[in-house]
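Residue numbers (this note's numbering), protein chains in the order written: chain G, 1 to 312; chain H, 1001 to 1278. Right, one structure below, let's go through it.
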Amino acid sequence: MTMISAASEGEAGPVSRPRLGLRQWAARTNWVLGLILLAWFVLVIVPLAVLFSFSFFETKSYFTIYRPSLNTWISLFESGRFEVTLRTLRIALTVTLIELLVAYPFALWLAKGCRSKTLRAVLIALLTIPFFLDTSSRTIIWRAILGQNGLVNSLLMQAGLTDAPVEWLLYSEVSVHFGLVVSLFPPMALPIYMAIGLIDDELIKASDDLGATPWQTFSRIVLPLSLPGVMAGVVFTLGPALAAWVEPGMLGGGFVNLLSNSIESAYTALRYPVVAALSTFVILLLLALLGAMMLVARRFGDLSSSFRVLKG
Amino acid sequence: MTDAALSQGPTSRGGPSYWPIWRAIGKWAGLFMLGLIYFPLVWLMLLSFSANPLSGIPGSFTSTHFRALFASTDWHQPLLASVVIGLIVGLVCAVVATVVGRAVPSLARPGRTLLLFVLPLFVPGMSMGAALFIFARSVLDLKLGFWSIALGHFVWAFPFALLIILVVTTRFDHRLVEAGRDLGASGWRVFWDIEFPILMPGIVSAALFGFLMSFNEVMRTIFLRGTAETMPVWNWVQAAAQQSQVPIIFALSTIVLAVTLPLLCGVFWLLFAKLDKS
């Protein structure tokens, strides 16, 4: 989100920074930075590497056998887990697609169409606030709204549209999709907004002046330049959707088993290699889907130029 | 002056928002989604004051559930744990993010370091929780508890805190430091009297964001809690176990929302209003 703007502004930093007199101070800060980097490495990279290597062990009668084998990985594709994987993929991809279709036009409007500065600031704040709210209480309330005698069914019945409560509204795949779409909207909309906001208005104006139709301006200028935002949005939506646990647990009512449920049941059964393999699998799925997206996106625009901001 | 009139143009004419229909669709679809995000919060507050929240429809307002909540002491310990862990995570996030955020822009290749620090943003919460759990429990053979929850929360909250700090540190004008040095101030004084006050809004926001990210975290906590319990996890367990506890959770969530929402509005006021001026 802010990463893009921060990094691009950072390019100017080293040049304008005076070298004289600051050297001592910088040296000391870098020494501390090195320590922090080391601690961060131990906290993030090492556990992820351990996770990956643990997936090659296996469990026999509650004990982890520390001998490398592919048995745990092979068992992932047996015993109905393959079905769970397909369901998780289907739901995660559907949710991401819906988010993209709703969030892109909204982000475009917010970045280029919304004229009031105050309204824009308020909407961005409203988009950011949900990141900091408790997911479980926000999700459990949907039970009261979508349930048999909840708000939606009461309204439907009062309007005479149905005689009996609509049952598939809650504890079904529909409600899981719904819960995910609602809670993952901000992570998709914000990065796209940031990317479109960085596009210079002059470019769009120039395109208009040179006689391009609105569609040409969109497909040749706005869309390619907003691709990094779309990619970031997809990462922040697809990742949580693949590992979704609160929404399927609370709104699926035990009928919608996803990979996260498999991870949790393996965790309670103390089968840590299975936990490791499934967690690694979720990360690998995310990477594979992103790789596929990048290949598709390359046809629309020069991605390397988009990532230049990250290299600094 | 015709240029000034023209420069008003792009925002209204630019891109496909040129088509009024697309602009309207984009606007209203997004506003509808925002409605879907915030409507449940209002409904939750209404239900927490209703006599029979499980019916799903608010009505006959009473404060019974709040009195039941205050009569019970079960939630005190999880709430206290969440607040203490949140405070520690917020404080550590603010300090570490300030150190890193000041150093990163002056590095030769800031991109790589930055990417390493924001990596946890790209790893699904469940996978990160499982990774930390296996590392601490099976490899290091440590007993999990509040400390591991705090570490897991720190890994989750730190990238956000760092990105916020970077917004202020990359804008910082280093000529101010130079001027302070020329006038004979020591390194520490230059930092404390010149740099710190300017970075202040970012540091406060980083601390608050760190606190709130930690305070509401569920996925990583599930793996890292050992036998300890934080409030979101307590909420989750109660809600999953018995329906009779739900009214009390509604009441508790309402109180938490009433505290967090103004806090968040404060952060945004700090970030938007204060930073735009400087």
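For every residue, glycine included, the Cβ atom is placed at its ideal position computed from N, Cα and C.
Closer than 8 Å to the CB of T1260(H) there is at least one CB belonging to chain G. Around G1125(H), the beta-carbon contacts reaching into chain G at under 9 Å are G239, P240, A243, W245. Identification of chain H residues near S69(G) by a Cβ-Cβ cut-off of 9 Å yields none; the smallest Cβ-Cβ distance measures about 17 Å.
Interface annotation, P47(G): in contact with chain H, CB-CB separation under 8 Å. DSSP lists F63(G) as the beta-bridge partner residues of K60(G). From the listed residues V1104(H), M1126(H), P1124(H), the smallest Cα separation to L1116(H) is found for V1104(H). Chain-ordered, the chain H residues with CB closer than 9 Å to the CB of R138(G) read I1037, P1040, L1041, L1044, S1253.
In the structure shown, S55(G) adopts coil according to DSSP, grouped into three states. Close to M1200(H), with beta-carbon spacing below 7 Å, lies no residue of chain G; the smallest spacing is near 18 Å. Apart from the 5 residues on each side of it in sequence, V1155(H) sits with its Cβ closer than 6 Å to the Cβ of P1120 in its chain, given in chain order.
The beta carbon of P165(G) sits closer than 6 Å to those of Q148, N153, all from its chain and outside the five residues before and after it, given in chain order. Taking C-beta atoms under 8 Å as the contact rule, T96(G) and L238(G) qualify, at a distance of about 5 Å. For H177(G), the enclosing alpha helix (DSSP H) has its first and last residue at 173 to 183. Residue range 259 to 268 is occupied by the alpha helix (DSSP H) that includes S260(G). DSSP, read as helix, strand or coil, puts F106(G) in helix. Residues of the same chain with a CB within less than 6 Å of the CB of G1226(H), apart from the 5 flanking positions on each side, are L1144, G1145 in chain order.
In this structure, DSSP gives S1050(H) an extended state, which the three-state scheme calls strand.
In this structure, L76(G) places its C-beta atom within 8 Å of the C-beta atom of A277(G). Assignment of F1209(H) by DSSP, reduced to helix, strand and coil, places it in the helix class. When C-beta atoms of the region 53 to 70 of chain G are compared with those of the region 282 to 302 of chain G, fewer than three pairs fall below 8 Å, so the two segments do not count as touching. The three-state secondary structure of F1172(H), taken from DSSP, is coil. Listed along chain H, the residues sitting closer than 9 Å to Y267(G) by beta-carbon distance are A1130, F1133, I1222, F1223.
By the criterion of a C-beta distance shorter than 7 Å, P191(G) is surrounded in its chain by M1, G229, A232, G233, F236, once the five residues flanking it on both sides are discounted.
Residues V1218 of the same chain have their beta carbon placed closer than 7 Å to that of W1236(H), with the five preceding and five following residues left out of the count. Restricting attention to P1262(H), Q1077(H), I1222(H), the CA atom closest to the CA of I1149(H) is found in I1222(H).
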